[in-house]
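Numbering (our numbering), first residue to last: 600 to 941.
Glycine included, C-beta positions come from ideal geometry on N, C-alpha and C.
Before any comments, here is the structure.
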């Protein structure tokens, strides 16, 4: 999420300097399969962003590593791009698809950007509130610091959603401290710089091993959310609907693949999370594959509405956004109708 487009767009200059040289991604013709009655679709080159090194994005990781993207005639370049520049990069055409928080989609829309949420791979808040050993109850956090990744990001929205449910007022009872990344938030708790932060597997195991404990699970709150969504510009959807469908098909197929191939998915998580911690990756698999995405990734207006009130505290214009107008569930539903999740 960005406070202003001007600040966020500045980050694109850095992104562009790191981008691979060459023509922008485009569709290229694929050779037809001999004897095939139906011509193959044109191959499409896509630059796709994901906003953090987390297991949240496992469907994209699995689709890439298992060859599902390739099978669907997609040449996908997955790039790690922070949430502050993720949607500005999308709007600038430097990426075609973004895996990013629904909060960013709301603020981008409020600022005049035309984007569409085509899937929600984070319909359940995946975080737990972890605290130091001396914090026995949520009330013990009064006067303390709680770490987040970045202002207005998914961690921030999560904290500001959770604390009131625990009887605490953000910025009044508790200082919300921005660290710049999820890794920094975890490090701040481990070093004693803050008293609590949100966490999810595999980082939860690291915290528990160091003596920290879970105060509360956000999943237990049963709140509709859009913690991790797939966002495309409306212009790209209108001009490349079949490509977007193939991308969403790939994500749905990757979820099915992950459910069926635990060892392969864990190996993929180890690669993208840069970890050899087998126990931690097993925990991440069980949590994200078994709990967070136990249901199909159908995006709904209610999920975005579930975070809209908190997001609007940073940007009053977000109140004017109609979540129903930026959600298109047809892609996931089409994939489900064709049995791609089975």
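According to the DSSP assignment, residue 850 belongs to the alpha helix (DSSP H) that extends over 840 to 859. With a cut-off of 8 Å on Cβ pairs, the region 909 to 923 is in contact with the region 751 to 762, counting three or more such pairs.
Taking the Cα of residue 748 as reference, the smallest distance to any Cα among 691, 741, 785 and 826 is reached at 785.
No Cβ-Cβ contact shorter than 7 Å links residue 921 with residue 715. Within the same chain, Cβ atoms closer than 8 Å to the Cβ of residue 882 are found at 800, 801, 803 and 804, the five residues on either side in sequence being excluded. Within the model, the alpha-carbon separation for residue 742 versus residue 702 is close to 27 Å. Exclusion of the five residues before and after residue 899 leaves no residue of its chain whose Cβ lies closer than 6 Å to its Cβ. When the Cα atoms are used, residue 872 and residue 666 turn out to be separated by approximately 19 Å. The Cβ neighbour count for residue 763, taken over all protein chains shown within 10 Å, is under 16; the residue is labelled exposed. Checking the DSSP bridge columns, you'll see residue 697 partnered with 648 and 830. A straight line joining the alpha-carbon of residue 695 with that of residue 671 spans about 16 Å. In the same chain as residue 780, and ignoring 5 residues on each side of it, the C-beta atoms closer than 6 Å to its own belong to 748, in chain order.
Fewer than three pairs of CB atoms, one per stretch, sit closer than 8 Å, so the region 679 to 689 makes no contact with the region 723 to 739. Here residue 845 is buried, its C-beta having at least 16 other C-beta atoms within 10 Å. Each residue's CA atom was taken as its position, placing residue 850 and residue 751 some 26 Å apart. In this structure, the alpha-carbon of residue 875 lies about 31 Å from that of residue 644. With contacts defined by Cβ atoms closer than 7 Å, residue 902 and residue 651 do not form a contacting pair. The residue from 706, 905, 654 and 769 with its alpha-carbon nearest to that of residue 880 is 654. According to DSSP, residue 729 shares a beta bridge with 796 and 813.
Secondary structure note for residue 747: its beta strand (DSSP E) is the uninterrupted segment 744 to 747. In the assembly as shown, residue 848 is a buried residue. Its beta-carbon has 16 or more other beta-carbons within 10 Å. Spanning the alpha carbons of residue 870 and residue 815 requires a straight line of approximately 29 Å. Taking residue 744 as the centre and dropping the five residues before and after it, the same chain places the C-beta of 774, 776, 793 and 794 closer than 7 Å to its C-beta, in chain order. DSSP links residue 777 through a beta bridge to 747. Beta-bridge partners assigned by DSSP to residue 926: 716. Counting along the chain, the unbroken alpha helix (DSSP H) around residue 906 starts and ends at 900 to 910.
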